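To start, the structure under review is shown below, and the notes come after it.
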Ligand code: LLP
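Residue numbers (my numbering): 118 to 539.
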């Protein structure tokens with residue numbers, strides 16, 4: 118079987134390795150469930166975007182919602198990357214990882230006054246403003262601080278990214294961004310208001326996109342607006358294309374960063390916007406294929422209608438299958454010479470929706486370690502403590518080195534913030 122995703126994940130003989138480290142050894146050493154990431158896979162994914170943008174004014178802002186572990190942020194910051202944040206908590210993480218705020222863009226439809234204050238104090242590069250009332254509040258907050266907030270309007274370009282409805286964000290029916298028709302008026306207002314200064318324009322059309330065409334539609338829609346806004350005397354410095362490039366979970370063949378950006382930049386050149394600074398907010402494609410979730414088989418439970426393979430990772434550790442019916446590859450870390458059987462891979466949580474994979478043909482035994490592939494994005498970051506399950510540990514593999522980058526939560530951590538009533 119070929120493994121979807123990363124060249125850093127390979128089977129040598131019967132054993133699966135991430136870079137130079139065998140996954141079964143990691144599971145033995147750190148316990149399961151365990152998230153393991155390849156640092157070089159992350160660096161290689163970033164380098165793909167950097168190569169594609171070489172020679173252009175640009176900033177890549179990693180959408181850290183995909184995986185916000187400090188060591189992941191540190192890895193990207195050291196490689197020259199900026200960050201796309203959506204909360205004061207994410208800002209705090211960026212700063213804790215040693216990165217500076219001047220490469221941070223702040224997205225999100227529901228920024229609070231406190232979020233705005235924190236971001237102004239830190240000195241973020243730009244606020245991606247998603248509505249007129251948000252603009253008004255930002256103007257107030259910035260003026261009260263004697264600060265100027267650089268802003269970009271997130272425009273809803275109304276293009277169909279042809280992805281899962283829950284992760285499609287650039288259609289008229291989505292809550293995100295300012296409607297294309299209203300954007301010019303909101304830009305005019307932003308240029309007049311105290312405390313705000315127009316810096317750019319941005320959009321985000323969805324996630325796990327495997328086609329280039331929706332991006333080209335979005336570029337066209339944005340450039341139409343840039344031209345209209347500039348014609349009214351308001352300069353726009355940068356164009357932020359959002360994130361969204363998909364990865365391989367099964368047999369998807371998403372375009373490379375080079376192919377995507379080659380097409381986007383060609384369109385910008387064609388329309389006479391070649392000198393404009395370009396920003397990008399990739400999340401999934403920088404970390405998704407770099408990570409696996411390791412889990413141990415607790416019990417095999419063959420049944421009349423279904424065979425269940427009960428593992429120690431659950432929907433609280435990795436919610437993508439339960440939430441989006443996402444298909445994620447599940448493979449044994451050690452191959453066995455026995456016939457495969459068909460299993461539903463399920464976790465210990467008390468919900469029928471608690472599954473990681475359905476109808477998978479696997480040769481497994483109790484005690485084996487399985488790897489859920491392409492789990493580096495929206496895996497740990499979306500995990501919870503449901504069923505009072507402590508969240509998994511995370512490790513970063515770098516060549517033959519292994520770093521524990523998040524300890525497994527302890528059972529007392531689970532209620533550390535709670536108080537009995539006196
Ligand atoms: N920028 C903005 C404003 C976003 O909302 C997102 C993701 C990104 C960038 C990064 O998009 P990416 O490059 O990762 O596609 N939890 C879902 C994905 C939700 C994406 C939300 N927004 C999943 O597991 O599939």
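Built from N, CA and C at the ideal position, the CB exists for glycine as well.
Bear in mind that the values here come from a model prediction, so they are computed numbers and not experimental data.
Where residue i falls, given that 16 or more other Cβ within 10 Å makes a residue buried
i           : result
residue 325 : buried
residue 268 : buried
residue 171 : exposed
residue 438 : buried
residue 421 : exposed
residue 151 : buried
residue 541 : Outside the displayed span of the chain (118 to 539) sits residue 541, for which this structure offers no information.
residue 228 : buried
residue 527 : exposed
residue 155 : buried
residue 537 : exposed
residue 130 : exposed
Contact check, residue i vs residue j, beta carbons under 7 angstroms
i           : j           : result
residue 310 : residue 248 : no
residue 491 : residue 366 : yes
residue 541 : residue 273 : Past the edges of the chain, shown from 118 to 539, lies residue 541, and the structure says nothing about it.
residue 385 : residue 379 : no
residue 123 : residue 406 : yes
residue 322 : residue 278 : yes
residue 411 : residue 486 : yes
residue 441 : residue 427 : no
residue 493 : residue 408 : yes
residue 163 : residue 382 : no
residue 194 : residue 214 : yes
residue 303 : residue 351 : no
residue 356 : residue 377 : no
residue 241 : residue 225 : no
residue 369 : residue 363 : yes
residue 169 : residue 374 : yes
residue 460 : residue 502 : no
residue 266 : residue 313 : yes
Inter-residue spacing [alpha-carbon to alpha-carbon] between residue i and residue j
i           : j           : result
residue 397 : residue 157 : 21 angstroms
residue 232 : residue 260 : 15 angstroms
residue 230 : residue 178 : 23 angstroms
residue 220 : residue 353 : 18 angstroms
residue 358 : residue 320 : 6 angstroms
residue 270 : residue 496 : 29 angstroms
residue 435 : residue 135 : 19 angstroms
residue 238 : residue 307 : 20 angstroms
residue 456 : residue 128 : 19 angstroms
residue 480 : residue 500 : 28 angstroms
residue 388 : residue 334 : 13 angstroms
residue 458 : residue 125 : 28 angstroms
residue 258 : residue 451 : 57 angstroms
residue 218 : residue 212 : 7 angstroms
residue 196 : residue 515 : 15 angstroms
residue 371 : residue 498 : 23 angstroms
residue 174 : residue 160 : 20 angstroms
residue 330 : residue 419 : 46 angstroms
residue 165 : residue 399 : 12 angstroms
Beta-carbon contacts of residue i that lie in its chain and below 7 angstroms, excluding the five residues immediately before and after
i           : result
residue 431 : 464, 465, 466, 471, 506
residue 525 : 148, 507, 509, 510
residue 188 : 513, 520, 522
residue 504 : 433, 466, 467
residue 444 : 366, 367
residue 345 : 301
residue 216 : 190, 194, 200
residue 146 : none
residue 535 : none
Bridge partners - residue i, DSSP secondary structure assignment
i           : result
residue 426 : 417, 462
residue 139 : 134
residue 65  : Nothing about residue 65 can be read from this structure; the chain reaches only from 118 to 539.
residue 273 : 296
residue 155 : 514
residue 244 : 223, 268
residue 127 : 134
residue 394 : 355
Contacts around residue i, its chain only, beta-carbon distance under 8 angstroms, and the 5 residues preceding and following it disregarded
i           : result
residue 207 : 181, 182, 185, 200
residue 289 : 273, 275, 296
residue 483 : 414, 415, 416, 417
residue 447 : 462, 473, 474, 477, 479, 487, 488, 489, 490
residue 531 : 502, 505, 507
residue 234 : 258, 262
Chain-order list of residues whose beta-carbon lies under 6 angstroms from that of residue i (same chain, five-residue window excluded)
i           : result
residue 119 : Because the pLDDT of residue 119 is 49, which lies under 50, any placement of that residue in the model is unreliable, and the question is left without a value.
residue 139 : 132
residue 246 : 252, 268, 270
Residue i CB to nearest heavy atom of the ligand SAM below 6 angstroms
i           : result
residue 533 : The model depicted lacks the ligand SAM and carries the ligand LLP instead.
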